[in-house]
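S.K.: Residues 0 to 492 in numbering that gives the first Met the number 0 are what the sequence shown spells out, letter by letter. Can you keep this structure in mind? I'll have questions shortly.
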Amino acid sequence: MLEAISRRGEAFFGYGEGCVSEKSARLRHLCIFWAATVFVLGASSCERSGRGSRRAEDRPDVLLITLDTTRADHLHCYGYEKSITPRLDELAGKGVLFTQAIAQAAVTPVSHASILTGLNPYSHGLRVMHGVTENRLAEERVTLAEVLKRAGYQTAAFVSAFPVTERFGLHQGFDMFDADFLLAQPDRLISDSGIVNTGKSQRHAGETTTRALTWLEQAESPYFLWLHYFDPHDRQVMPPQEFMADHAVPIGMERDVLRAIYDIEIEYMDQQIGRVFDWLIQAGQAASTIVVVVADHGEGLGDHDWWTHGILYQEQVRVPLIIRAPSISDGWRVDYVVRTIDIMPTVLDLIGLDTGAWPDMEGESLVPLMGAAAKDPGYRAYCDSVNMLTYRPGVTIQEVKDDMLFGLVDWPWKYVHHALRPEESELYDLAKDPRELENVIEKHSDVATRLKKELMALDCVPSDELGGQKGAGQMSPEDLRRLRSLGYLDEGG
Ligand SMILES: [Zn+2]
Numbered sequence: 000m001l002e003a004i005s006r007r008g009e010a011f012f013g014y015g016e017g018c019v020s021e022k023s024a025r026l027r028h029l030c031i032f033w034a035a036t037v038f039v040l041g042a043s044s045c046e047r048s049g050r051g052s053r054r055a056e057d058r059p060d061v062l063l064i065t066l067d068t069t070r071a072d073h074l075h076c077y078g079y080e081k082s083i084t085p086r087l088d089e090l091a092g093k094g095v096l097f098t099q100a101i102a103q104a105a106v107t108p109v110s111h112a113s114i115l116t117g118l119n120p121y122s123h124g125l126r127v128m129h130g131v132t133e134n135r136l137a138e139e140r141v142t143l144a145e146v147l148k149r150a151g152y153q154t155a156a157f158v159s160a161f162p163v164t165e166r167f168g169l170h171q172g173f174d175m176f177d178a179d180f181l182l183a184q185p186d187r188l189i190s191d192s193g194i195v196n197t198g199k200s201q202r203h204a205g206e207t208t209t210r211a212l213t214w215l216e217q218a219e220s221p222y223f224l225w226l227h228y229f230d231p232h233d234r235q236v237m238p239p240q241e242f243m244a245d246h247a248v249p250i251g252m253e254r255d256v257l258r259a260i261y262d263i264e265i266e267y268m269d270q271q272i273g274r275v276f277d278w279l280i281q282a283g284q285a286a287s288t289i290v291v292v293v294a295d296h297g298e299g300l301g302d303h304d305w306w307t308h309g310i311l312y313q314e315q316v317r318v319p320l321i322i323r324a325p326s327i328s329d330g331w332r333v334d335y336v337v338r339t340i341d342i343m344p345t346v347l348d349l350i351g352l353d354t355g356a357w358p359d360m361e362g363e364s365l366v367p368l369m370g371a372a373a374k375d376p377g378y379r380a381y382c383d384s385v386n387m388l389t390y391r392p393g394v395t396i397q398e399v400k401d402d403m404l405f406g407l408v409d410w411p412w413k414y415v416h417h418a419l420r421p422e423e424s425e426l427y428d429l430a431k432d433p434r435e436l437e438n439v440i441e442k443h444s445d446v447a448t449r450l451k452k453e454l455m456a457l458d459c460v461p462s463d464e465l466g467g468q469k470g471a472g473q474m475s476p477e478d479l480r481r482l483r484s485l486g487y488l489d490e491g492g
């Protein structure tokens, strides 16, 4: 089973001539093949299609938790000095912690689309949050929820912000998709920096959790539940009053204050995730449920003179990834490079779904890495940032990005290609320089040349952004208003 998956990945990452057109054709072909396969499988009362596959009623429940805007190095289990994530630390102690997980984008809907399809952005096609190129996941793409639903799972999602909603096509495959944002905020809050918040585009972790727990009370196994939490994303919407009563925001330098708020929001999110874990424990389901926790991207927090996210330094694309499953041993740690596109094949492998019912994916199952015999699979991790953004100087740090970035991690190297300013492209040795402080592109120009060639072979640069051609992803004035309310876009939109 795993050999078959590996072959698919190798064929895709071959960077060979004609790779691009073959890739598109193959994706289409495999989508059709997959649809025909699941139709046949769905026609039988239970699936007996392969050795080791389980019947639907025997499959484990799956809980996917995505932490918006959460840096790996702000979790205690990833070495953070402050113990603000006791519940996630506890999960890591019972599962597998991946120290070098790379998100495929540092933009919310783009990164989530990779998590939910097992495809890189240039293959799933959702390239930007806003702009002239595509910002909606196409119906033809096959999501984890769709595969699990066809395999007999009840599927539900409870999300906490507009950028992961139906507008971006991320609802595909969910029987229940709850995105009813009721956060009790005034409709318009205008801060000193001019950023506007409304209460209709996001909600607190507490509200999302309460709704999910209500759903869990009546859920039937097997189920797939996706929970998305947004609290660390927005420094202007603080946790509820009752939580803040014990968490004073310090007075001091703006940078220190904002970092303190970020940690408070992560701590609140962790507490709310703990309510879900407690429910599983009380229901006797903690040991039998597959739990995957991952962030869609991190946050600059002032590193590389960048406060938020959207570019490709490690603090923004190296994300926490923790997987706990009944079949894997406690407290394992994997230091090899893995990617968020590996999550979907890993879940399908863990639940024992026959590979005949797997859609085409570019990720690989991480199950072979979860044991003593694991060897470095040598995965390369792709990431990009296509949005051409200009952030207003809302805090002490200026944020201006009018470029498109395309990155490839090939350990220990990380190459970042600047499409509009190639002379600013970067190369880092992550083993010697994990904080990416010294660009060694001139010193190791041979490595940079090789990685650039491999990147370009992926056809990852969307031509419509470069050419100014109108794509299919135009947004309505209401969509733009909602994005602006969350701090995206500048005053001119
Ligand atoms: Zn995000």
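The beta carbon of each residue, even a glycine, is placed where N, CA and C say it ideally should be.
Quick check: is any heavy atom of ligand 1 less than 8 Å from the C-beta of His308?
M.R.: yes
S.K.: What number of angstroms, rounded off, separates the C-alpha of Tyr335 from the C-alpha of Ala102?
M.R.: If you take the alpha carbons of Tyr335 and Ala102, they lie about 14 Å apart.
S.K.: Out of Asp432, Asp262, Leu454, state which residue places its alpha-carbon closest to the alpha-carbon of Tyr79.
M.R.: Asp262
S.K.: What does a CB cutoff of less than 6 Å around Ile83 pick up in its chain, not counting 5 residues either side in sequence?
M.R.: Here the set comprises Asp262, Ile265, Glu266.
S.K.: DSSP on Ala285, reduced to helix/strand/coil?
M.R.: coil
S.K.: Less than 8 Å separating the Cβ of Asp162 from some heavy atom of ligand 1?
M.R.: One detail in the question is off: residue 162 reads as Pro in this sequence, not Asp. Within the cutoff, so yes.
S.K.: Can you list, in chain order, the stretches of the beta strand (DSSP E) that have 3 or more residues and sit fully within the segment 339-388?
M.R.: 380-384
S.K.: For Thr65 and His303, which I take to be in contact (beta-carbon distance under 8 Å), what is that distance rounded to the nearest angstrom?
M.R.: No, Thr65 and His303 are not in contact; Cβ-Cβ is about 24 Å, not under 8 Å.
S.K.: Going by DSSP, what residues sit across from Gln495 in a beta bridge?
M.R.: The structure shown does not extend to residue 495, since the chain spans only 0 to 492, so no value can be given for it.
S.K.: I need the straight-line Cα distance from Tyr152 to Thr142, nearest angstrom please.
M.R.: 13 Å
S.K.: Say the cut is 8 Å; is the CB of Thr339 nearer than that to a heavy atom of ligand 1?
M.R.: no
S.K.: Does the segment 99-119 come close enough to the segment 155-166 that 3 or more CB-CB pairs lie under 8 Å?
M.R.: As far as the Cβ criterion goes, the segment 155-166 touches the segment 99-119, which means the pair count is three or higher.
S.K.: Residues in the same chain with beta-carbon distance under 7 Å from Ala430, minus the five sequence neighbours each way, listed in chain order, please.
M.R.: Pro411
S.K.: Determine the closest residue to His246 out of Asp329, Pro238, Thr345, with distance taken between C-alpha atoms.
M.R.: Pro238
S.K.: Ala144 to Gly172, Cα distance in whole Å?
M.R.: 5 Å
S.K.: Would you check if the distance between the CB atom of Phe242 and the CB atom of Gln201 is smaller than 9 Å?
M.R.: no
S.K.: Where does Gly49 land, buried or exposed, given buried means 16+ other C-beta within 10 angstroms?
M.R.: Low per-residue confidence applies at Gly49: pLDDT is 35, beneath 50, and the placement is therefore not dependable, though the value from the model is reported in the following sentence. Classification for Gly49: exposed.
S.K.: Alpha carbon to alpha carbon, how far is Asp401 from Gly330? Give it in angstroms, no decimals.
M.R.: Each residue's alpha carbon lies about 42 Å from the other.
S.K.: I'd like to know whether the C-beta atoms of Val291 and Ile272 end up nearer to each other than 9 Å.
M.R.: no
S.K.: Does any CB atom of chain D fall closer than 9 Å to the CB of Asp230?
M.R.: You won't find chain D in this structure, because it holds only one protein chain.
S.K.: Here's a check: name, in chain order, each residue in its chain whose Cβ is nearer than 7 Å to the Cβ of Asp57, leaving out the five neighbours to either side.
M.R.: none
S.K.: Alpha helix (DSSP H) containing Pro108: first to last residue?
M.R.: 107-116
S.K.: I'd like to confirm something about Val106: is its beta-carbon nearer than 8 Å to some heavy atom of ligand 1, or not?
M.R.: yes
S.K.: How far does the beta strand (DSSP E) with Gln313 in it reach, from first residue to last?
M.R.: Careful: Gln313 lies outside any beta strand (DSSP E), inside the alpha helix (DSSP H) at 313-316.
S.K.: Does at least one heavy atom of ligand 1 sit under 8 Å from the Cβ of His232?
M.R.: Yes, the beta carbon of His232 sits closer than 8 Å to at least one heavy atom of ligand 1.
S.K.: Reducing DSSP to helix, strand and coil, say where Ala155 ends up.
M.R.: strand
S.K.: Thinking C-alpha only, which one of Gly168, His203, Tyr222 is nearest Arg234?
M.R.: Out of Gly168, His203, Tyr222, His203 has the C-alpha closest to the C-alpha of Arg234.
S.K.: Assuming contact is defined by CB atoms lying nearer than 9 Å, are Leu454 and Leu419 in contact in what I supplied?
M.R.: Their beta carbons are not under 9 Å apart, which means Leu454 does not touch Leu419 by this criterion.
S.K.: Less than 8 Å between the CB atoms is what I'm expecting for Val106 and Ser287, so what's the real figure, rounded?
M.R.: The pair is not a contact, with the Cβ atoms about 35 Å apart (cut-off 8 Å).
S.K.: Excluding sequence positions up to five away, which residues of its chain have a Cβ less than 6 Å from the Cβ of Thr68?
M.R.: Pro231, His232, Glu298
S.K.: Quick one: Cα of Trp214 to Cα of Asn386, how far?
M.R.: 36 Å
S.K.: Is Asp458 near ligand 1, going by C-beta to nearest heavy atom under 8 Å?
M.R.: no
S.K.: What is the C-beta distance between Tyr378 and Val337, in whole angstroms, given that I count them as a contact (C-beta under 8 Å)?
M.R.: Going by Cβ atoms, the distance from Tyr378 to Val337 rounds to 6 Å, so yes, they are a contact pair.
S.K.: Give the range of the alpha helix (DSSP H) segment to which Val146 is assigned.
M.R.: In the DSSP assignment, Val146 falls within the alpha helix (DSSP H) that extends over 143-149.
S.K.: Rounding to the nearest angstrom, what Cα-Cα distance links Gln96 and Asp359 in this structure?
M.R.: Before going on, a small fix: residue 96 reads as Leu here, not Gln. Those two C-alpha atoms are separated by around 26 Å.
S.K.: Relative to the C-alpha of Glu437, which candidate in Ala456, Lys413, Asp458 has its C-alpha closest?
M.R.: Lys413
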